[in-house]
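The structure appears below as structure tokens.
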Amino acid sequence: MIDRRRFLQGVAGAGLGGALPLSRAAPYYGPEGLPAGTLASATYDTLPGKLPLIKKSFRPPNYETPVHYFNEVFTPNDAFFVRYHLSNIPEVAADTWKLSIGGDAASAEAAFTLADLKGDFEQVEMAAVCQCSGNRRGLSEPHVPGVEWGYGAMGNARWKGVRLGDVLRKVGVKAGALEVAYDGADGPVNDKTPDFRKSIPVWKALDENTLLVYEMNGEPLPHWNGFPVRLLVAGWTATYWMKHLTRIEVRSRPLEDFWMNPAYRIPKGRFPIVDRFVSQETDTNTPITEMVVNSLITNIHEHSLYRAGSPLFIRGIAWDGGYGVTRVDVSTDGGRTWMPSMLGDDHGRFSFRQWTYAFRPAPGKYEVMARATNRVGATQTSELVFNPAGYHNNVMQTVTIQVR
Ligand SMILES: Nc1nc2c(c(=O)[nH]1)N[C@H]1C(S)=C(S)[C@@H](COP(=O)(O)O)O[C@H]1N2
Ligand SMILES: [Mo]
Numbered sequence: 015m016i017d018r019r020r021f022l023q024g025v026a027g028a029g030l031g032g033a034l035p036l037s038r039a040a041p042y043y044g045p046e047g048l049p050a051g052t053l054a055s056a057t058y059d060t061l062p063g064k065l066p067l068i069k070k071s072f073r074p075p076n077y078e079t080p081v082h083y084f085n086e087v088f089t090p091n092d093a094f095f096v097r098y099h100l101s102n103i104p105e106v107a108a109d110t111w112k113l114s115i116g117g118d119a120a121s122a123e124a125a126f127t128l129a130d131l132k133g134d135f136e137q138v139e140m141a142a143v144c145q146c147s148g149n150r151r152g153l154s155e156p157h158v159p160g161v162e163w164g165y166g167a168m169g170n171a172r173w174k175g176v177r178l179g180d181v182l183r184k185v186g187v188k189a190g191a192l193e194v195a196y197d198g199a200d201g202p203v204n205d206k207t208p209d210f211r212k213s214i215p216v217w218k219a220l221d222e223n224t225l226l227v228y229e230m231n232g233e234p235l236p237h238w239n240g241f242p243v244r245l246l247v248a249g250w251t252a253t254y255w256m257k258h259l260t261r262i263e264v265r266s267r268p269l270e271d272f273w274m275n276p277a278y279r280i281p282k283g284r285f286p287i288v289d290r291f292v293s294q295e296t297d298t299n300t301p302i303t304e305m306v307v308n309s310l311i312t313n314i315h316e317h318s319l320y321r322a323g324s325p326l327f328i329r330g331i332a333w334d335g336g337y338g339v340t341r342v343d344v345s346t347d348g349g350r351t352w353m354p355s356m357l358g359d360d361h362g363r364f365s366f367r368q369w370t371y372a373f374r375p376a377p378g379k380y381e382v383m384a385r386a387t388n389r390v391g392a393t394q395t396s397e398l399v400f401n402p403a404g405y406h407n408n409v410m411q412t413v414t415i416q417v418r
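The sequence shown runs contiguously to residue 418 in the numbering used here.
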């Protein structure tokens with residue numbers, strides 16, 4: 015069952031202005047609105063504590079957020095996407111949970127309870143986008159293997175926690191520290207599947223925007239999004255945002271696990287990436303790091319019909335790897351001409367930024383496109399930068415609508 019309240023909110027939030035849809039087409043919220051490549055498995059299903067989301071797989075749980083929720087700048091916790099590599103996912107009890115920290119490049123072994131984290135370190139709050147590296151993989155041509163995500167393997171939330179750097183400095187970081195590796199409470203159901211562990215460069219671990227978070231949009235983290243504590247690596251794709259964190263190791267040597275290599279790799283030199291992960295680079299590839307600049311049109315959908323003569327508001331969101339979105343241009347003629355949209359409130363450089371473009375269309379067919387640009391001048395592509403894992407898809411969308 016679709017939750018009626020949320021459903022109606024999503025529709026109301028679409029903000030179609032004076033141009034009421036003439037057609038009785040369903041709002042753009044479901045599999046029927048998704049491009050063909052994402053359809054392999056896509057039905058609605060409800061995990062405990064979640065609204066109906068687009069199910070890609072049940073074991074492990076992979077659930078995508080329907081697009082209409084992105085009409086809100088912050089993604090509701092109960093509509094936030096869920097992604098797991100492994101199927102053994104215990105429910106962690108907050109009062110007995112402990113985070114252990116050590117490793118050959120840490121000065122000591124230490125353990126912290128949730129109360130220690132909240133009480134002994136400065137609490138910080140940050141709006142940040144959590145986006146799966148494989149978001150939009152289902153749109154890859156030719157088709158690539160993996161979870162065939164559409165547009166909703168992402169979300170934006172206000173997160174609360176403490177700086178990982180503050181906690182690591184309390185334990186002590188030795189001069190030879192190279193990477194910070196970590197593990198979560200979930201595990202494989204058989205010993206053929208490698209455990210999900212990840213690492214980041216020590217400079218990124220000590221960055222003031224890398225956090226240990228325990229709250230999301232003012233609530234404790236939902237179980238499916240990492241209760242009681244997850245890592246937030248602002249600007250970097252969500253593969254590094256370890257859920258149900260249990261163990262952190264400061265290392266003098268690179269982590270050589272399956273999920274670091276060969277998994278989560280991009281070809282070198284093909285994307286406009288600034289952040290390098292030097293200790294993990296090979297001659298040909300490198301771990302994925304920051305998100306590429308991107309946008310999503312959220313309130314109009316393919317084949318919709320609008321009324322001529324009244325203003326039509328086209329809305330969406332844009333985001334990047336943390337430089338900040340500086341403009342979003344909109345085309346209504348398939349990319350021949352572009353006009354600047356109006357940017358919404360700035361919730362910080364790691365957040366979704368809303369944008370609106372208003373025009374008064376004459377009758378006809380309109381090919382609506384959006385193109386975001388960030389502070390370092392990076393923008394979206396018109397052609398897919400093909401890579402075998404289907405990462406970093408920021409191809410501009412085209413949504414064709416009719417005005418009568
Ligand atoms: N413990 C754990 N953390 C994890 C993962 C996982 O499989 N296990 N997957 C990562 C990946 S690839 C993504 S995209 C995000 C998804 O975050 P979400 O499920 O809260 O949306 O979690 C990351 N953290
Ligand atoms: Mo992911």
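Glycine included, C-beta positions come from ideal geometry on N, C-alpha and C.
At the C-beta level, Pro75 and Trp238 come within 8 Å of one another. Within its own chain, the residues whose Cβ lies closer than 8 Å to the Cβ of Asn275, once the five positions on either side in sequence are excluded, are Gln294, Thr296, Pro301, listed in chain order. If you ignore the 5 residues before and after Ile280, its C-beta comes within less than 7 Å of the C-beta of Asn299, Thr300, Ile302, Asn401, Tyr405, His406, all in its own chain and listed in chain order. Beyond the five residues adjoining it in sequence on each side, Ala199 comes within less than 7 Å, by CB distance, of Pro104, Val106, His258, Thr260 in the same chain, given in chain order. Assigned with DSSP and collapsed to three states, Val344 falls in strand.
By the criterion of at least three beta-carbon pairs nearer than 8 Å, the region 346-358 is in contact with the region 368-384. Rounded to the nearest whole angstrom, the CA to CA distance from Glu381 to Trp250 is 32 Å. Rounded to the nearest angstrom, the gap between the Cα atoms of Trp163 and Val264 is 33 Å. In the structure shown, Phe84 adopts helical secondary structure according to DSSP, grouped into three states.
Here Thr89 is not near Ala141, since their CB atoms are 8 Å or more apart.
Excluding its 5 nearest sequence neighbours in each direction, Ile287 has C-beta neighbours in its own chain below 7 Å: Thr303, Glu304, listed in chain order. Listed in chain order, the alpha helix (DSSP H) elements of length 4 or more contained wholly in the region 144-202 are 178-185.
DSSP places Ala120 in the strand class (E or B) of the three-state scheme.
Distances from the CA of Asn85 to each of Gln416, Ala386, His315 were compared; the closest alpha carbon is that of His315. For the 8 Å CB-CB criterion, Arg183 and Val138 do not form a contact. Residue nearest to Glu222 within the set Tyr228, Leu246, Pro62 is Leu246 (criterion: CA-CA distance). Distance between Gly323 and Lys379, taken at the CA atoms: about 14 Å. Per DSSP, reduced to three states, the secondary structure at Gln368 is strand. DSSP places Asp59 inside the beta strand (DSSP E), whose first and last residues are 57-59. Closer than 7 Å to some heavy atom of ligand 1: that describes the Cβ of Met256. One thing to note: Gly63 has its Cβ within 8 Å of the Cβ of Asp92. The set of residues with a C-beta under 6 Å from any non-hydrogen atom of ligand 2 comprises Arg97, Cys146, Ser147, Gly148, Ala252, Thr253, given in chain order. Tyr254 sits in a helix when the DSSP states are folded into three classes. For the 8 Å CB-CB criterion, Arg151 and Val143 do not form a contact.
In this structure, Gly348 has its beta carbon at no less than 7 Å from each heavy atom of ligand 1.
Residue state for Gly330 is assigned as strand, using DSSP reduced to three classes. Ranked by Cα distance from Val216, the options Pro268, Gly240, Lys206, Asp209 are led by Pro268.
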